Amino acid sequence: MSQVWFITGCSSGFGESLARLLLKRGHKVIATARKLSALDSLKEAGAAVMQFDVTAPLDEVKAIADKAVALYGQIDVVVNNAGYFAINSLEEATPQETYDQFNVNVFGPLNVARAFLPHMRKQKSGTFVWLGSVGGWYGGASGGLYCSTKHAIRPISESLHAEISPLGLRSVCLEPGGFRTSFLQAGNRTSYVSRIPDYAPILTPAAEMWYGADGKQNGDPEKFVQLMVDYVRKEGPFAEVSDAEYPITLLAGSDCYAVVKGQLNAQLEKMERFKDVIASTDHAK
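Take a look at the structure:
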């Protein structure tokens, strides 16, 4: 059955690839980006296009949601895909840079959900898709702000699912590892600016590592968006998965699997090592 998908961040990367795949499969797509001209090729391919900045005030986001719903009478899937990577140290990052990173990656997507929820509650169906990241499973020099935003996405999605699943709606989260999109290119990440000399020998190599990783990632973005569609529509490898077994958060990429497994194993080892210390704060029995 054909669905209507609303997707943020469609000027390139996952958003553009997802929109093209959905159109090929006969679905209706409302593709958005900050610059309308960046959507010309998707418009030619059959997508409805809208200029949309996820950091707009909530009233403006609600107006976009109303306009999107009016196009086809409903919205079945909302994909919170827009985001970027701020490369900096936590001390060097200004309050404005910190806010901007969270505004695009967390606060904006939350407002998108708030804007579409009244429509989906009314139709008693619909799915929200959130794009997390392997970066949400660890912290490291140069990526503290970005990793923090992606760490926030998983519990937001899972909490939203707990709140809306009794209403017939769903919220799911995909956490990709490294994929060969334009994500690490200059337009989708900031460049490291050294403001405190002490950090230069630490942050400069870390930033150069990110710059050098562009185009060398393990993941195939076309395979990722195919997985996303199967995951959301419960097709392909998810066709026979029961509701009880269906994962509302899903990793993507062998590198992501390895990182997350390593993080969990390390955390479990430390928990066992300090189990008595952890339990020592309980009331005496």
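Using the numbering used here, the first residue of the sequence shown is number 456, and each one after it goes up by one.
Beta carbons are placed, not taken as given, at the ideal position from N, Cα and C, and that holds for glycine.
None of these values were measured; they are calculated from a predicted model.
Asked, Found
"Rounded separation between Ala-721 and Lys-689 - CA only", "32 Å"
"Cutoff 9 Å: Arg-688 Cβ touching any chain D Cβ", "Among the chains of the structure shown, chain D does not appear; only one protein chain is present."
"Residue closest to Thr-553, alpha-carbon to alpha-carbon, out of Ser-603, Gln-458 and Glu-630", "Ser-603"
"Close beta carbons around Val-686, own chain, < 8 Å, minus the five adjacent residues each side", "Looking at the sequence itself, residue 686 is Tyr, so the reference to Val does not match. Only Val-627, Leu-629, Phe-693 and Leu-705 meet the Cβ criterion."
"Buried versus exposed, by CB contacts within 10 Å (16 or more), Gly-590", "buried"
"Chain-order list of residues whose beta-carbon lies under 8 Å from that of Arg-489 (same chain, five-residue window excluded)", "Ser-466, Gln-506, Phe-507 and Asp-508"
"DSSP-derived helix/strand/coil call for Thr-582", "strand"
"CB of Gln-681 within 9 Å of CB of Gly-691, strictly", "yes"
"Host alpha helix (DSSP H) of Cys-711 (start-end)", "709 to 728"
"9 Å Cβ cutoff met for Val-584 and Asn-536", "yes"
"Neighbourhood of Ala-596 by C-beta distance below 8 Å, restricted to the same chain and skipping five residues each side", "Ser-544, Ile-657, Leu-658 and Ala-661"
"Other residues of its chain near Val-516: CB distance less than 7 Å, five sequence neighbours each side excluded", "Asn-566, Val-567 and Ala-570"
"Range covered by the beta strand (DSSP E) that runs through Arg-625", "625 to 631"
"Inter-stretch contact at 8 Å, needing at least 3 Cβ pairs: the region 556 to 566 / the region 489 to 500", "no"
"Reduced DSSP category for Val-516 - H, G, I as helix; E, B as strand; rest coil", "helix"
"Selected residue, minimal CA-CA separation from Thr-549, among Gly-581, Ile-651 and His-606", "Ile-651"
"Contact under 9 Å by Cβ, Met-664 with Phe-469", "no"
"Exposure of Gln-556, with buried meaning 16 or more beta-carbon neighbours within 10 Å", "buried"
"Pairwise C-alpha distance: Pro-512 and Tyr-601", "22 Å"
"C-alpha gap between Val-534 and Gly-717, whole angstroms", "29 Å"
"Nearest-angstrom beta carbon gap, Ala-523 and Ile-485 [assumed within contact, 8 Å]", "5 Å"
"The alpha helix (DSSP H) enclosing Gln-556, as first and last residue numbers", "550 to 557"
"Residues that Asn-536 bridges to, as DSSP identifies them", "Bridge partners of Asn-536: none, in fact."
"Own chain residues within Cβ distance below 8 Å of Tyr-654, not counting five before or after", "Ser-544, Glu-546 and Glu-547"
"CB contact flag (Val-559, Thr-487, <9 Å)", "no"
"Any non-hydrogen atom of the ligand HEM closer than 8 Å to Ile-619 Cβ", "What this structure holds is no ligand at all, so the ligand HEM is not there to describe."
"Beta-carbon proximity check, Leu-473 vs Ala-500, cutoff 9 Å", "no"
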